[in-house]
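Let me begin by presenting the structure, written as structure tokens, before commenting on it.
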Amino acid sequence: MNKLLRIALILLISVCVFDPEGLLLGIKNIMFVLVWIIFLTGISAEIANNKKVYIRTSVIMYLLIFILVPFTSMVYYIFIGNDFVDNGYIYFKPYLFLTLIIVLYVSKIDLIKETVIILTLLSILTIIIFIISIYGDNLIQSIHSISYLPINIGTRLHSGVNFPLIHFFTSPLIIFPIGYFSFIFMYSKGKKRLSMGLLIAINMVAMFLGGTRNNIIVSIMTPIIIVYWYNKKKTNLLVIFAILFVAIVGFWDILVGMLDIKETSNSIKFSYLLDYLNLYSDSKVLLWGQGLGSSFSTKHSGY
1 MNKLLRIALI LLISVCVFDP EGLLLGIKNI MFVLVWIIFL TGISAEIANN
51 KKVYIRTSVI MYLLIFILVP FTSMVYYIFI GNDFVDNGYI YFKPYLFLTL
101 IIVLYVSKID LIKETVIILT LLSILTIIIF IISIYGDNLI QSIHSISYLP
151 INIGTRLHSG VNFPLIHFFT SPLIIFPIGY FSFIFMYSKG KKRLSMGLLI
201 AINMVAMFLG GTRNNIIVSI MTPIIIVYWY NKKKTNLLVI FAILFVAIVG
251 FWDILVGMLD IKETSNSIKF SYLLDYLNLY SDSKVLLWGQ GLGSSFSTKH
301 SGY
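Under my numbering, the sequence shown has 147 at position 147, and the numbering climbs by one with no breaks.
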């Protein structure tokens, strides 16, 4: 049962990474249900053979807390007279994926390595598309014409500098392979260290190509933080900080511009902060919210 279940889980993770909205293949929900069917079939067989199935109370409590809170909020949203299917439910549905912790815990399946491999494949695909975008405008235009693809391609202006933008919607998840390979890099030698360095570089480049401020900053800072956290040799840390200092000085104008509150994107985000402060000035909204799936009026973007 575990072998089949592992395959189904790997396929589910792959679909979630490469087709997060379920619009390209349309099988994300099907794979989720299939995982549960395989799991419940296997558990039923074990129970029928008088085998005991154990799960810690803390796991159940964790799941209940993170399911009941949004569920209660969704119910509140329904009771104040809003539409259930079109709004409340679509925001609640992703929380159901947390139920997979029961599947993983009971089956004792560890998918860390598989997930890191899948995300590294996303990084490789990102770099390939970037290279194609340099020489193949027609192909990129064809990709743009498909509205349901989970990717944005183009450029993004930061501080007067055009950064390439190959932004898969799940690109922030690349932080996991960067951290994973950075940790292994520290405790490996020879060819293994070289291969880990290459994998770190591939994932860093791909995450950087995501083009957003978060992607760019996190892709650079993650390996530095990992090395700082686990490294006991202070001389190595001094070298790292020296390199970081030189990088900050060299790109100071760009960094300042990226964080400038007058920059268009930043000014819109700051206006959202003011909108939220205005919203939470109502004590009832501050205490109870407006329900999962609700909306409110903003200065720049309407509802």
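Note that CB positions come from ideal geometry on N, CA and C, so glycine has one too.
* To do: Please say whether G211 and P164 have beta carbons closer to each other than 8 angstroms?
  => yes
* Asked: By how many angstroms is the C-alpha of L5 removed from the C-alpha of I43?
  -> 11 angstroms
* To do: Answer yes or no: do L23 and Y148 have a C-beta to C-beta separation smaller than 8 angstroms?
  => yes
* **Neighbourhood of I90 by C-beta, 8 angstroms cutoff - its chain only, sequence neighbours within 5 removed** => G293
* To do: Helix, strand or coil for L344, going by three-state DSSP, please let me know.
  => In the structure displayed, the chain extends from 1 to 303; residue 344 sits before or after that span and is not available.
* How is N315 classed by DSSP in three states: helix, strand or coil? -> Outside the shown range of the chain (1 to 303) lies residue 315, about which nothing can therefore be said.
* From I202 to N49, what distance separates their C-alpha atoms? -> 48 angstroms
* Per-residue DSSP class, three states only, for N49 -> coil
* **Close-in-space but distant-in-sequence residues of the same chain around P177 (CB under 6 angstroms, 5 per side omitted)** => V116, L119, T120 and N203
* **Of the listed residues S58, S301, S73 and F71, nearest to D275 (C-alpha basis)** => S301
* Check the DSSP bridge columns for G210 and list the partner residues they point to. => Beta-bridge pairing links G210 to no other residue.
* To do: Assess, as a yes-or-no matter, whether the segment 216-227 is touched by the segment 179-190 under the definition of 3 or more beta carbon pairs within less than 8 angstroms.
  => yes
* Asked: Between V35 and E46, is the Cβ-Cβ spacing less than 8 angstroms?
  -> no
* To do: Say yes only if the C-beta of T126 is nearer than 7 angstroms to one or more non-hydrogen atoms of the ligand GDP, and no if none qualify.
  => The model on display carries no ligand, and the ligand GDP is accordingly not part of it.
* Taking T170 as the reference, which of V205, L122, K189 and F208 has the closest Cα? -> L122
* Whole-Å CB distance - F39 paired with S107, under 8 angstroms assumed -> 7 angstroms
* **Pick from I174, F208 and R193 that is closest to I166, judged by C-alpha positions** => F208
* First and last residue of the alpha helix (DSSP H) that includes G179? -> I175 to M186
* To do: Report buried or exposed for T126, applying the criterion of at least 16 other Cβ atoms within 10 angstroms of its Cβ.
  => buried
* To do: Could you name the residues that DSSP lists as bridge partners for T155?
  => P164
* With a cut-off of 8 angstroms on the beta carbons, I'd call I102 and I55 a contact; round off their distance for me. => 7 angstroms
* Beta-carbon gap between S271 and K299 smaller than 8 angstroms -> yes
* To do: Report the three-state DSSP secondary structure of G190 (helix, strand or coil).
  => helix
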